[in-house]
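Chemist: Can you read through this structure? Questions will come right after.
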Amino acid sequence: MARLEIGYLMPTRDQTVRGEHEPGRLVVQARRAEELGLDSVWAGESPVTRPRADPLLLLAAVAQATERVTLGTAVLLPALRHPILLAHQLATLDRLSNGRLIAGMGGGFPNPNTEAQFAALGIEFGRRIDRMQESIDIMRRLWSGTVVSYQGKHFTFEDVRLAPPPLRPGGPPIWLAASGGPALRRVARHADGWLPYPTEARTYATERALIEQTATRSVTPALYATLCLDEDQDKARERLRTSIERYYNAPLEFIASIQAVFAGTARQTADWLSGYVAAGARHLVIRLATDDHDQGLEEFADQVLPLLREENSL
């Protein structure tokens, strides 16, 4: 079984919510995450619905400031871009990072705000999944380094060749955020990794088994989870509420009904995450719900990371 890897989601959205537009601080946090022994750093995307620093530009800076950590997007919305341009950006970023890139992607959660984001960019929301699947097919062809012509439902072009090609043959691995039957089948058909956020470990285990039964390639099982640490569990829950409701502009109870979120002590947090590891997760992407992300990162690395390493060593 593969070694458990643990990553840190840079607080790009949290910066914007607090009126702090300092992407340089995010680069420093990524470098610190590497120093503290984390395996990966991640950046999310939502240019209109939940504005934040552009993930690809930010990760290009992180690539130059770090040496070891994997760089990931959690997650890109490929339907918002033309696949030729996105393939070009990701190939260049894979080169800049010396092959450390994971391209996490998703279709976009169906709600009015997300629909408005697609409308603002002139893209039909109802066709976003087909557009994403077609984009993935196009990008993998372009990453081959050969001349590509394509005729699909959404994109048609002739004789396109990208340079530079990605460092890794075939391009960076593509991980998909997905839950439920049709989405899981997309993961099995198209993805190199799976990055969901189910509310319970038993759901994770069931869905992972469904992917494994039909996957056409090796799929890395990952998890996206939001944590709030405090030795007082009641305080942790209230701090989680403040952070979540500020981030999503929605009640904690609603977000907790659809996403993996947890508030508690370091010991409780490690035990909760270990439940997902026992269900098959091999890469944890951690978003911290905190007002002080520098301190939060230090606390997670000092208090939770050793427990996870100890409990899940292979």
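In our numbering, the protein residues as written are 1086 to 1399.
Virtual Cβ for every residue (Gly too), placed ideally from N, Cα, C.
Measure the C-alpha to C-alpha separation of R1270 and I1296 and round it to an integer number of angstroms.
Modeler: Rounded to the nearest angstrom, the two C-alpha atoms are 7 Å apart.
Chemist: Is it a yes or a no for the stretch 1122-1134 touching the stretch 1092-1102, going by three-plus beta-carbon pairs under 8 Å?
Modeler: Touching, yes, given that three or more Cβ pairs across the two stretches are closer than 8 Å.
Chemist: When we look at the beta-carbon of L1206 and count the other beta-carbons within 10 Å, is it buried (16 or more) or exposed?
Modeler: Counting Cβ neighbours within 10 Å, L1206 comes out exposed, since fewer than 16 surround it.
Chemist: So, T1231 versus R1213, is the Cβ gap smaller than 8 Å?
Modeler: No.
Chemist: Which residues in the same chain have their Cβ closer than 6 Å to the Cβ of S1220, if we skip the five residues on either side of it in sequence?
Modeler: If we look at S1220 and ignore the five residues flanking it on each side, its Cβ neighbours are P1163 and P1168.
Chemist: DSSP has Q1236 in a bridge; who is on the other side?
Modeler: Bridge partners of Q1236: T1241.
Chemist: Using only the alpha-carbon positions, how far apart do L1252 and L1325 sit?
Modeler: In a straight line, the C-alpha of L1252 is about 40 Å away from that of L1325.
Chemist: Put E1107 into one of helix, strand or coil per three-state DSSP.
Modeler: Here E1107 sits in coil by DSSP.
Chemist: In chain order, what residues of the same chain have a beta carbon less than 6 Å from the beta carbon of T1101, not counting five sequence neighbours either side?
Modeler: Same-chain partners within the cutoff: P1136 and R1137.
Chemist: On a Cα-Cα basis, can you pick out the residue from L1369, L1392, G1381 and H1378 that is closest to A1087?
Modeler: Checked all of L1369, L1392, G1381 and H1378; the closest Cα to A1087 is L1369.
Chemist: Just to confirm my understanding: we take H1239, look at its own chain, exclude 5 residues before and 5 after, and list those with CB closer than 6 Å. What are they?
Modeler: Result list for H1239: R1216 and E1219, in chain order.
Chemist: Should A1348 and P1283 be called a contact, given that it needs their Cβ atoms to be closer than 8 Å?
Modeler: No.
Chemist: To the nearest angstrom, how far is the alpha carbon of V1133 from that of Q1202?
Modeler: Computed Cα separation, rounded: 5 Å.
Chemist: Assign T1158 to one of three DSSP states: helix, strand, or coil.
Modeler: Looking at T1158 - three-state DSSP - the assignment turns out to be strand.
Chemist: Compare the beta carbon distance of E1243 and S1264 with 8 Å and say whether it is the shorter of the two.
Modeler: Not in contact: E1243 and S1264 (Cβ atoms no closer than 8 Å).
Chemist: My understanding is that L1141 touches L1178, with C-beta atoms under 8 Å, so please give their C-beta distance in whole angstroms.
Modeler: Indeed they touch by this definition, with Cβ atoms about 6 Å apart.
Chemist: Please identify the residue among N1183, G1266, A1262 and A1276 whose C-alpha is closest to the C-alpha of G1250.
Modeler: As written in the sequence, residue 1250 is Pro, which differs from the Gly given in the question. The option with the nearest alpha carbon to P1250 is N1183.
Chemist: Rounded C-beta distance between A1150 and R1116? I'm assuming under 8 Å.
Modeler: Sure, about 5 Å apart at Cβ, within 8 Å.
Chemist: Judging by CA-CA distance, which residue of E1383, G1193 and L1171 is the nearest neighbour of V1268?
Modeler: With the sequence shown as reference, residue 1268 is identified as Ala, and Val is not the correct amino acid for it. Of E1383, G1193 and L1171, the residue nearest in Cα terms is G1193.
Chemist: Can you list the alpha helix (DSSP H) stretches of 4 or more residues lying completely in the stretch 1316-1380, in chain order?
Modeler: Runs found: 1318-1333, 1337-1343 and 1351-1363.
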